[in-house]
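Residue numbers (this note's numbering), protein chains in the order written: chain V, 702 to 1343; chain R, 24 to 127.
Every residue gets a Cβ at the ideal spot worked out from N, C-alpha and C, and that includes glycine.
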Amino acid sequence: SVHFNDPKYPQQWHLNNRRSPGRDINVTGVWERNVTGRGVTVVVVDDGVEHTSQDIAPNYSPEGSYDLNSNDPDPMPHPDVENDNHHGTRCAGEIAAVPNNSFCAVGVAYGSRIAGIRVLDGPLTDSMEAVAFNKHYQINDIYSCSWGPDDDGKTVDGPHHLGKAALQHGVMAGRQGFGSIFVVASGNGGQHNDNCNYDGYANSIYTVTIGAVDEEGRMPFYAEECASMLAVTFSGGDKMLRSIVTTDWDLQKGTGCTEGHTGTSAAAPLAAGMIALMLQVRPCLTWRDVQHIIVFTATQYEDRRADWVTNEAGFSHSHQHGFGLLNAWRLVNAAKVNRHSRVWAAYVECLGEAAHASTIACCPACLPTVSRTDLELSGLKTLEHVAVTVFATHPRRGSLELKLFCPSGMMSLIGAPRSMDSDPNGFNDWTFSTVRCWGESARGTYRLVIRDIGDEPVPAGLLWRWQLTLFGSVWSAVDIRDRQRLLERAMSGKYLQDGFSLPCPPGLKIPEEDGYTITPNTLKTLVLVGCFTIFWTAYYMLEVCLSHQRVASRAGGRHGACPRPHCSRKAREEGTELESVPLCASKDPGEVEAEGGSPAAPSNPLVPDLLDQVHWSPPQHVKCAVDAPPQHLLQGKEQQMC
Amino acid sequence: LTGTEGPAALSPGGLSWAVHLRSPEGEGKEETLEQQAEALAQAAGLVNAGRIGELHGHYLFVQPAGPKQDQQGEAIRQQAEAVLAGHEAVHWHSEQRLLKRAKR
Chain V
702 SVHFNDPKYP
712 QQWHLNNRRS
722 PGRDINVTGV
732 WERNVTGRGV
742 TVVVVDDGVE
752 HTSQDIAPNY
762 SPEGSYDLNS
772 NDPDPMPHPD
782 VENDNHHGTR
792 CAGEIAAVPN
802 NSFCAVGVAY
812 GSRIAGIRVL
822 DGPLTDSMEA
832 VAFNKHYQIN
842 DIYSCSWGPD
852 DDGKTVDGPH
862 HLGKAALQHG
872 VMAGRQGFGS
882 IFVVASGNGG
892 QHNDNCNYDG
902 YANSIYTVTI
912 GAVDEEGRMP
922 FYAEECASML
932 AVTFSGGDKM
942 LRSIVTTDWD
952 LQKGTGCTEG
962 HTGTSAAAPL
972 AAGMIALMLQ
982 VRPCLTWRDV
992 QHIIVFTATQ
1002 YEDRRADWVT
1012 NEAGFSHSHQ
1022 HGFGLLNAWR
1032 LVNAAKVNRH
1042 SRVWAAYVEC
1052 LGEAAHASTI
1062 ACCPACLPTV
1072 SRTDLELSGL
1082 KTLEHVAVTV
1092 FATHPRRGSL
1102 ELKLFCPSGM
1112 MSLIGAPRSM
1122 DSDPNGFNDW
1132 TFSTVRCWGE
1142 SARGTYRLVI
1152 RDIGDEPVPA
1162 GLLWRWQLTL
1172 FGSVWSAVDI
1182 RDRQRLLERA
1192 MSGKYLQDGF
1202 SLPCPPGLKI
1212 PEEDGYTITP
1222 NTLKTLVLVG
1232 CFTIFWTAYY
1242 MLEVCLSHQR
1252 VASRAGGRHG
1262 ACPRPHCSRK
1272 AREEGTELES
1282 VPLCASKDPG
1292 EVEAEGGSPA
1302 APSNPLVPDL
1312 LDQVHWSPPQ
1322 HVKCAVDAPP
1332 QHLLQGKEQQ
1342 MC
Chain R
24 LTGTEGPAAL
34 SPGGLSWAVH
44 LRSPEGEGKE
54 ETLEQQAEAL
64 AQAAGLVNAG
74 RIGELHGHYL
84 FVQPAGPKQD
94 QQGEAIRQQA
104 EAVLAGHEAV
114 HWHSEQRLLK
124 RAKR
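If you want it as structure tokens, here you go:
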């Protein structure tokens, strides 16, 4: 029953696939129930957002926006020589393009507000990333990041110290304490044999790592695999397959609409839009609730190449597709009934010291056992993210393969070999992570197996230290199964239809640093205006004083220091009278002209009239009285006159 | 940055450091931190560009604007590193380097 007059909507197969039914994000039923992301703000952290676009403007949130490249509040993209700064606008259109405006297309969460943080169009530092991740974090609910370190198959990089701190701070203090939701694209390095576990944003436990599948549900040529991937959604594939239709900028070669948006860049905003739909029906979902619901509702589908494995908790995961395809209907219905009661727990097992550095080839397995007693202090029972931090040296980093086995035997390829990575420095405390053991018991023996698959005759790798960190909840395996059943029961949609709602705590009041900054140009303008005002005031005062002096000298000093200006015929002739009247007199200039026909000040009837009124109330025609505070008028005669 | 100028505007292509100051005890902590940051930046020959976003106690110090030569830059770096490394209020500091990030 959903119809829009946007000309490209019929081509937005990812929203409603008529050619291959089912191969879309299943969102129309959610829209039919008025779930469109209303009340939620999504911010695109990218190269800017053309917020004047017809498809963006009505939903644009200037309050959530900022330009960190130019340091002003307007994230409008700047045209560049490569015609390349359309990226953020395209992502924004996928999320919140306005429907029924007869223009281009429709966003997944078309009722949400969309903000932009321009940060990718200039030099970028750790501190700038940190600012971006927390910018307006009480306004922006979801941060959509379709970018990351180079996907060249040889880079190992991610958020640095400040970026990590900002991500952590965002999930703790952002969104009134429910936690900012960070959605990141998993990477386009498939052709370079890259793996998203070498991308620190994808590895981070604070992010939702989203991969791409094409219209046929397969991993596209550009996509990367990794153990830290949470889920996938649709994007473009090879040339024979359709890409994502979305809003585009209209600068340079842009037409305002494109049919060619693709890559994992195009997948992450769709996920961000679906999360916005979840937050509309349940605004108090925490950042961990969102991750849990994705794990519980993502759907595994038939794809033999995906190598699906079902873990001990019953969740299927693939290094290619994470826990499966995101489904808007399932996400929203699960969000509606979700109760967040899980305490987050972490347990750190430190292993190995420099003194015990071992040759990787000689020590393929390290076996820490985590007992119930070990976990008692933290309360951790079931796993979410498992992180392994490694300090290892090797003359050719790409020759190393790292596998982590959870106590259940679930294997995660946390460090895939990369043929192009010839870095001679190894891993300097790099943290790999996996989500493949989600919901499994934390107790038992973990195995880290490192293999040197290189051709070098003498294996030269050394493992200096490694650390296992378990993140999870106090839920037991039974709790997990109960939750699975509860969420599955909600999939009929009955809770969406019944006006059912669980209570939501109000959240914390967390003050935000005043983000408004005065740009140099604004500052210069203000200074100029200020100078002009001061100059004009001085001129005006001088003019008044001079005219007063002239009047005083003519009147022979009979009225002291403040003669009435309208007494001066000369002043009237010079045109200064009108300006000086409101300051000292109580009459409208027009009235003065009409009533004060005589230039002789002493006999002017206005002065005694006004001064004699003890209980004075401002008459309509008295301009001075209207402008001035009443008490001023009740002061002494001298003050009344001047 | 919460200051009036971003890092690029204050010191285009210049050196900059992120500094994490130890939180002082008692009331008026934020003011004390601000004052401490100002004094420290001055001692290091740098300009305090303000707090880094929402990160409490984190400040960005930048090279003062103006014409520079490579040798001057190195001298500024050495002075800044020496001051920041030796100051007891500095919990952590790091010179800011350009990151390479790609749209996907």
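Look at H114(R): its C-beta is not under 8 Å from any C-beta on chain V. The beta carbon of P850(V) falls within 8 Å of a beta carbon belonging to chain R, placing the residue at that interface. Distance between P970(V) and E1213(V), taken at the CA atoms: about 25 Å.
Within chain R, K126 have C-beta atoms less than 8 Å from the C-beta of D748(V), given in sequence order. Within 10 angstroms of the beta-carbon of C1051(V) lie fewer than 16 other beta-carbons, which makes it exposed. DSSP places F997(V) in the helix class (H, G or I) of the three-state scheme. Boundaries for L1101(V): no alpha helix (DSSP H) harbours it, while the beta strand (DSSP E) harbouring it runs 1101-1106, taken from the DSSP string. Judged by DSSP secondary structure, T956(V) falls outside any alpha helix (DSSP H); it is assigned neither H nor E.
T947(V) is the residue among Q892(V), C1107(V), D951(V), T947(V) whose C-alpha sits nearest the C-alpha of G961(V). Residue-level contact by beta carbon holds for D827(V) and chain R, with a gap shorter than 8 Å.
Any Cβ of chain R closer than 8 Å to the Cβ of N904(V) would place that residue at the interface, and such an atom is absent.
Closest by C-alpha distance to Y1196(V), out of L716(V), T737(V), V1038(V), is V1038(V). Per DSSP, reduced to three states, the secondary structure at I945(V) is strand. Contact between R983(V) and A1046(V) is absent: CB atoms are separated by about 23 Å, not below the 8 Å threshold. Scanning chain V for C-beta atoms nearer than 7 Å to the C-beta of A41(R) yields D827, S828, L863, reported in chain order. Residue contact check for N835(V) against chain R: a CB pair falls below 8 Å. Scanning its chain for C-beta atoms nearer than 6 Å, with the 5 sequence neighbours on each side dropped, one finds around D827(V) the residues H861, L863, G864, in chain order. Burial state of S702(V) is exposed, judged by a 10 Å Cβ sphere holding fewer than 16 other Cβ atoms. Its chain contains I840 as the residues whose beta carbon lies nearer than 6 Å to that of E764(V), once the 5 sequence neighbours on both sides are disregarded; these appear in chain order.
Residue contact with chain V for S117(R): present (Cβ-Cβ distance below 8 Å to some residue of chain V). If you compare the alpha carbons of R720(V), S881(V), V731(V), V807(V) with that of P759(V), the shortest gap goes to V807(V).
Closer than 8 Å to the CB of H110(R) there is not a single CB belonging to chain V. Here the stretch 1120-1139 of chain V makes contact with the stretch 924-933 of chain V; the two share three or more CB pairs at distances below 8 Å. Counting the other CB atoms within 10 Å of its CB gives N71(R) a total of 16 or more, which places it among the buried residues. Spatial neighbours of N718(V) in its own chain (CB-CB distance under 8 Å, excluding positions within 5 residues in sequence) are listed in chain order as R724, D725, E916. The DSSP-derived three-state label of D827(V) is helix. Of all alpha-carbon atoms in C1107(V), H1041(V), G1173(V), D1156(V), the one lying nearest the alpha-carbon of R1097(V) is that of D1156(V). G1023(V) is not a Cβ neighbour of L1084(V), given a cutoff of 8 Å. By the beta-carbon neighbour count (other beta carbons within 10 angstroms, threshold 16), H114(R) is exposed.
Secondary structure within the stretch 43-103 of chain R: the beta strand (DSSP E) runs of 3 or more consecutive residues, fully enclosed, are 70-74, 81-85 (chain order). By the criterion of at least three beta-carbon pairs nearer than 8 Å, the stretch 843-857 of chain V is in contact with the stretch 1120-1130 of chain V. Separation of A793(V) and L1103(V) (C-alpha to C-alpha, rounded to the nearest whole angstrom) is 37 Å. With a 10 Å radius around the Cβ and a threshold of 16 neighbouring Cβ atoms, R1031(V) comes out buried.
About 16 Å separates the beta carbon of V746(V) from that of S813(V), a gap too long to meet the 8 Å contact definition. The straight-line gap separating the alpha-carbon atoms of T55(R) and H870(V) is approximately 22 Å. Around I757(V), the same chain offers V750, E751, T790, A793, G794, A797, A798, V799, I815, T948 as residues with beta carbons nearer than 8 Å, after the five sequence neighbours per side are excluded.
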